[in-house]
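Residue numbers (the numbering used here): 75 to 996.
We put the CB at the ideal spot given by N, CA and C, even for glycine.
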Ligand SMILES: Cc1ncc(COP(=O)(O)O)c(C=O)c1O
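1) Need the endpoints of the beta strand (DSSP E) that residue 755 sits in, please.
2) What residue from 891, 124, 451, 915 has the CA that sits closest to residue 976's CA?
3) Could you compute how far the alpha carbon of residue 705 sits from the alpha carbon of residue 804?
4) What ranges does the beta strand (DSSP E) occupy inside the segment 587-637, keeping only unbroken runs of at least 3 residues that lie completely in it?
5) With a 10 Å radius around its C-beta and 16 neighbouring C-beta atoms as the bar for buried, classify residue 618 as buried or exposed.
6) What distance in whole Å lies between the Cβ atoms of residue 654 and residue 873, which are believed to be in contact at a cut-off of 8 angstroms?
7) Among residues of its own chain, excluding the 5 on either side of residue 806, which ones have a beta-carbon nearer than 7 angstroms to its beta-carbon?
8) Where do the N-terminal and C-terminal ends of the beta strand (DSSP E) with residue 920 fall, by residue?
9) Give me the Cα-Cα distance between residue 394 and residue 197, rounded to the nearest whole angstrom.
10) If you draw a straight line from the alpha carbon of residue 280 to that of residue 348, how long is it in whole angstroms?
11) Helix, strand or coil for residue 838 per DSSP?
12) Only counting the same chain, and skipping five residues up and downstream in sequence, which positions put a Cβ closer than 8 angstroms to that of residue 607?
13) Only counting the same chain, and skipping five residues up and downstream in sequence, which positions put a Cβ closer than 7 angstroms to that of residue 787?
14) With a threshold of 8 angstroms on Cβ separation, who are the neighbours of residue 947 within its own chain once the five nearest residues in sequence on each side are excluded?
15) Could you give the C-beta distance for residue 644 and residue 866, rounded to a whole number, given that I count them as a contact under 8 angstroms?
16) Threshold first: 4 residues or longer. Then list the alpha helix (DSSP H) segments lying entirely within the segment 283-363, N to C.
17) Just to check my reading of the structure: residue 893 and residue 816 have Cβ atoms closer than 8 angstroms, yes? What is that Cβ distance to the nearest angstrom?
18) Would the segment 205-212 and the segment 291-304 be scored as touching if the rule is three or more Cβ pairs under 8 angstroms?
19) Is residue 271 helix, strand or coil when you go by DSSP?
20) What do you reckon, are the CB atoms on residue 684 and residue 696 nearer than 8 angstroms?
21) Could you give the distance in angstroms between the alpha-carbon of residue 819 and the alpha-carbon of residue 811?
22) Tell me whether residue 836 counts as near ligand 1, meaning its Cβ is closer than 7 angstroms to at least one heavy atom of that ligand.
23) What are the boundary residues of the beta strand (DSSP E) that residue 527 is part of?
24) When you compare the CB positions of residue 542 and residue 455, do they come within less than 8 angstroms of one another, or not?
25) Can you check which of these residues, 809, 663, 765, is closest to residue 829 by C-alpha distance?
26) What do you reckon, is the C-beta of residue 903 under 7 angstroms from a heavy atom of ligand 1?
27) Measuring straight from C-alpha to C-alpha, what distance separates residue 672 and residue 844?
28) Just to confirm the assignment, what range does the beta strand (DSSP E) spanning residue 849 have?
29) At a cut-off of 7 angstroms, would you count residue 568 as near ligand 1, judging by its Cβ distance to the nearest heavy atom?
30) Please list, in chain order, all residues of the same chain as residue 511 whose beta carbon is under 6 angstroms from its beta carbon, the five residues on each side excluded.
31) Going along the chain, which unbroken runs of the alpha helix (DSSP H) with 4 or more residues stay wholly within the segment 375-403?
32) From the DSSP output, in three-state form, read off residue 691 for me.
33) On the CB-based measure, 16 or more other CB atoms within 10 Å of its CB, does residue 864 come out buried or exposed?
34) Nearest by alpha-carbon distance to residue 266: which of 97, 831, 144, 589 is it?
35) Using 7 angstroms as the cut-off, classify the Cβ of residue 706 as near or not near the heavy atoms of ligand 1, replying yes or no.
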């Protein structure tokens, strides 16, 4: 049915006066949206489904229009002869017209839409509740989407067989009622009003008999395709379903096995479609989602899922009766602090779980997030303990916490069923009672044999000992706080959440000091190139160029701590640290550049470099380059021209700043081989300046633009032009210098030039405020015309020992060479990704200062870059956009970055781009 025929049928047979007709997508049917002269909207559908099944669908629509007030369904329109279906020739012979149900689709959103779980769960539950009394002879039994048919549908794929077997095993003994269900209450088929306050269901093509609870499983499976707090929405959907159509215990227990089954059926179905029709665009677009959904369904262990489902439908008993302590004399036993901020995790110790044999007597805290070794791997770690542990002397008496039946008792492991409700799992205790015995509260049931673990649970289902963050409130009901069993007060509430903290920050830290991300995680620890939030989730840090040695570096911490105890004063005193560090810095510089000024930041260094150049030349003008950032002080800000940082930058520069266009070979006026024209044009500009300039200040690699290399020979020619006018050449190495480029320690080496003045900071202090200006003896002495120079904290003993410790550690760890090797691997990997993902453009930079363009030279895609960075955060990777167009991913991690982390980063970026492309094709 082409558009012309659709219009003709709509007008001649269904009596519509069609003003506009547009094609809609469709899985099996051909669909057109028809808007009438009066503005009414209809869908003209041509289907290959048997007529009897279409009549059943129409009957269901009529039935539901009558029966349901809480969501809308399309109403079938009859032909002028009173028929529901018109027959035509072709592959889709049956044409119907139904009313159009307006609303928004949540399916295309990357992060799950808040409230969508409740909205879809309600529709799903209401649908089942109402369809329970619907039947029609035209309904077809045993279709591929009926989850009862999963063994047949999945049969052809042996890789899915064992997964299906595990799911079948979980439901084998469950009694699941059967009725007519819609069969596809998913985000594809439910439209929502604003704030999810309205819902309409739009596709009844899968209406058929099946298990009632299969309706819910299908709905839940569709939610798994999003990022964000998906499980919370899934559980809200379960609760909302249950509120409309109460689930029996067996049905609740079947939910997750059926979610897995639905995911397997989707996977098998897609594989079959693509085997027969490898170019099927619809199937190709859905593929990444099916894979993701299956992976997520399988990632949740069945027991864990069952506990969550039973809790969501309030089928877990809540114990009200009090409990007594199982251990005496632990009220004051020290708590073992395993939180992210605990000092016991310092210096990378968190990478090994503590061995109880090495610990003194102690008790752990229930429910408080811990830093666990998995946090470095990119998974969201199971960091929340649902029980309490203790290291106790062996042989300590253990008492029954309540009147209980001993369910199992083996050396080291016991389970008690409490008579008034609840279960206790105990590890590390040698029982003195036997399975089957009943024990009154307070009787001795055994003695400690080693490290103890005690966990309460509301059901006789083996609970997870640790869970991922996100569902703490639910788990607190399922596995309540056992502190009372240790004779201790309940675990205190945790501190402010990331959102609360960020809100408090906005109230007191002037918001012009932006923060990364709209809803930033609360980061409280770092180790090398990893950052950790308060819940123990690890993030790969691809942005912290300042922490060149990585975070939490013990050699720097030790140097600071020792020096603070020893002496911290100003540089007018005579102490060794300033000499040692200044000598070390000068040794790193070309001959002749051996006079060091120590300051506290890059801005200060650039500002001081401007003052020195002006004093040394007796002039005031500075030549700078557009799209650069040099700092926040009055002087360094004056020569900062990046409109990405300051939208007014180009209009508000003072008259002493003379701007050269950025020699951007990728996006500027001269591109590629033409980029050689920038240098002569710049030289001409400098030669023609009416006032001879004091200096040129520029970066040797275009840092702010995302690591774009200057054209070959550019600085050689421009430095010559400046010097020809008697000016000085200042290299701002704050961002790109100090080893990060791998091949070179300083950026100017890449351009084969030697500046007169070097300004450096950032990496020098590994995050401690430390900057320097390094110049020649002659230039430094000419600065003396302005009197003496003094900075209260610049060059302090503490700053100097930090500087020396950083240089020593860089050498000990071979970090510059590492930047070269790892940087090459990373750049290669990025280029390989760019070859597969058209949204990735050029890869700039060298070593571990790289930039990846999102979009082309004339189509910078800031929204795309932002979206990629946000999605990467959900994958546990921190990257930010840079450049005037904010479209370049700047990649400048600590130089500790290793090859496994490179692989993790590339995999995360690949995943994010794959999902984003697939979403765009939906
Ligand atoms: C090239 C360059 N120069 C100077 C600065 C200013 O350094 P700071 O932030 O330490 O004041 C920066 C900061 O980003 C920079 O990138």
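By the coordinates alone:
1) On the chain shown, residue 755 is found 681 positions in, with the first residue counted as 1. Residue 755: not part of any beta strand (DSSP E); member of the alpha helix (DSSP H) spanning 752-761, first to last residue.
2) Within the chain shown, the letter at position 902 stands for residue 976. The residue with the shortest Cα to Cα distance from residue 976 is 451.
3) Start at 1 with the first residue of the chain shown, and residue 705 comes out as number 631. Start at 1 with the first residue of the chain shown, and residue 804 comes out as number 730. The alpha-carbon atoms of residue 705 and residue 804 are separated by roughly 15 angstroms.
4) Along the segment 587-637, the beta strand (DSSP E) occurs as fully enclosed runs of 3 or more residues at 597-601, 604-607, 612-615, listed in sequence order.
5) Locating residue 618 in the chain shown gives position 544, counting from the first residue. Buried is the call here.
6) Walking along the chain shown from the start, residue 873 turns up at place 799. Walking along the chain shown from the start, residue 654 turns up at place 580. Residue 873 to residue 654, Cβ: 12 angstroms. No contact.
7) Here residue 806 is taken as the residue at index 732 of the chain shown, counted from 1. The answer, listed in chain order, is 680, 704, 771, 772, 773, 833.
8) Numbered from its first residue, the chain shown carries residue 920 at position 846. Per DSSP, residue 920 belongs to the beta strand (DSSP E) from 914-920.
9) As a position in the chain shown, residue 394 is number 320, starting the count at 1. As a position in the chain shown, residue 197 is number 123, starting the count at 1. Computed Cα separation, rounded: 34 angstroms.
10) Taking the first residue of the chain shown as 1, we reach residue 280 at position 206. Taking the first residue of the chain shown as 1, we reach residue 348 at position 274. Residue 280 and residue 348: Cα-Cα distance of roughly 21 angstroms.
11) Within the chain shown, residue 838 is the residue found at index 764, counting from 1. Of the three classes helix, strand and coil, the one that applies to residue 838 here is helix, per DSSP.
12) For the purposes of this step, residue 607 is taken as residue 533 along the chain shown, with counting starting at 1. These residues qualify, in order along the chain: 414, 572, 595, 596, 597, 598, 613.
13) The residue labelled residue 787 in the question sits at position 713 within the chain shown. Counting only Cβ-Cβ distances below 7 angstroms, and skipping sequence neighbours, we find 753.
14) Along the chain shown, read from residue 1 onward, the residue named residue 947 stands at position 873. Close CB contacts of residue 947 within its chain, under the 8 angstroms cut and outside five residues either way in sequence, are with 591, 595, 613 (chain order).
15) Translated into the one-based positions of the chain shown, residue 644 becomes position 570. Translated into the one-based positions of the chain shown, residue 866 becomes position 792. Contact between residue 644 and residue 866 holds, since their C-beta atoms are separated by about 6 angstroms, short of 8 angstroms.
16) Taking only runs of at least 4 residues, the alpha helix (DSSP H) segments lying wholly in the segment 283-363 are 286-297, 304-318, 323-350.
17) Numbered from its first residue, the chain shown carries residue 893 at position 819. Numbered from its first residue, the chain shown carries residue 816 at position 742. About 4 angstroms separates the Cβ atoms of residue 893 and residue 816, confirming a contact at the 8 angstroms cut-off.
18) By the criterion of at least three beta-carbon pairs nearer than 8 angstroms, the segment 205-212 is not in contact with the segment 291-304.
19) Here residue 271 refers to the residue found at position 197 when the chain shown is read from its first residue. Correct three-state label for residue 271: coil.
20) Along the chain shown, read from residue 1 onward, the residue named residue 684 stands at position 610. Along the chain shown, read from residue 1 onward, the residue named residue 696 stands at position 622. Yes. Within cutoff.
21) Locating residue 819 in the chain shown gives position 745, where the first residue counts as 1. Locating residue 811 in the chain shown gives position 737, where the first residue counts as 1. If I take the Cα positions, the gap works out to 6 angstroms.
22) Numbered from its first residue, the chain shown carries residue 836 at position 762. Checking every heavy atom of ligand 1 against the Cβ of residue 836, one is found closer than 7 angstroms.
23) The residue you call residue 527 lines up with position 453 of the chain shown. Note, residue 527: beta strand (DSSP E), 518-531.
24) Residue mapping note: residue 542 aligns to position 468 of the chain shown, counting from 1. Residue mapping note: residue 455 aligns to position 381 of the chain shown, counting from 1. Yes, they are a contact pair.
25) Looking up residue 829 in the chain shown gives position 755. Distance check between residue 829 and each of 809, 663, 765 places 663 closest, using alpha-carbon atoms only.
26) Counting from 1 along the chain shown, the entry for residue 903 is found at position 829. Residue 903 Cβ: outside cutoff for every heavy atom of ligand 1.
27) As a position in the chain shown, residue 672 is number 598, starting the count at 1. As a position in the chain shown, residue 844 is number 770, starting the count at 1. For the pair residue 672 and residue 844, the Cα-to-Cα distance works out to about 7 angstroms.
28) As a first step, residue 849 must be located in the chain shown, where it is residue number 775. In the DSSP assignment, residue 849 falls within the beta strand (DSSP E) that extends over 845-849.
29) Position 494 of the chain shown holds residue 568. Because no heavy atom of ligand 1 lies under 7 angstroms away, the Cβ of residue 568 does not count as near it: no.
30) The residue labelled residue 511 in the question sits at position 437 within the chain shown. Shown here for residue 511: same chain residues with a beta carbon closer than 6 angstroms to its own, the five before and five after excluded, namely 480 in chain order.
31) Correct list: 376-386.
32) The residue labelled residue 691 in the question sits at position 617 within the chain shown. Shown here, residue 691 sits in a helix according to DSSP, grouped into three states.
33) Here residue 864 is taken as the residue at index 790 of the chain shown, counted from 1. Per the 10 Å Cβ criterion, exposed.
34) The sequence position of residue 266 within the chain shown is 192, counting from 1. Closest option to residue 266, judged by alpha-carbon separation, among 97, 831, 144, 589: 144.
35) Position 632 of the chain shown holds residue 706. Yes, Cβ of residue 706 sits closer than 7 angstroms to a heavy atom of ligand 1.
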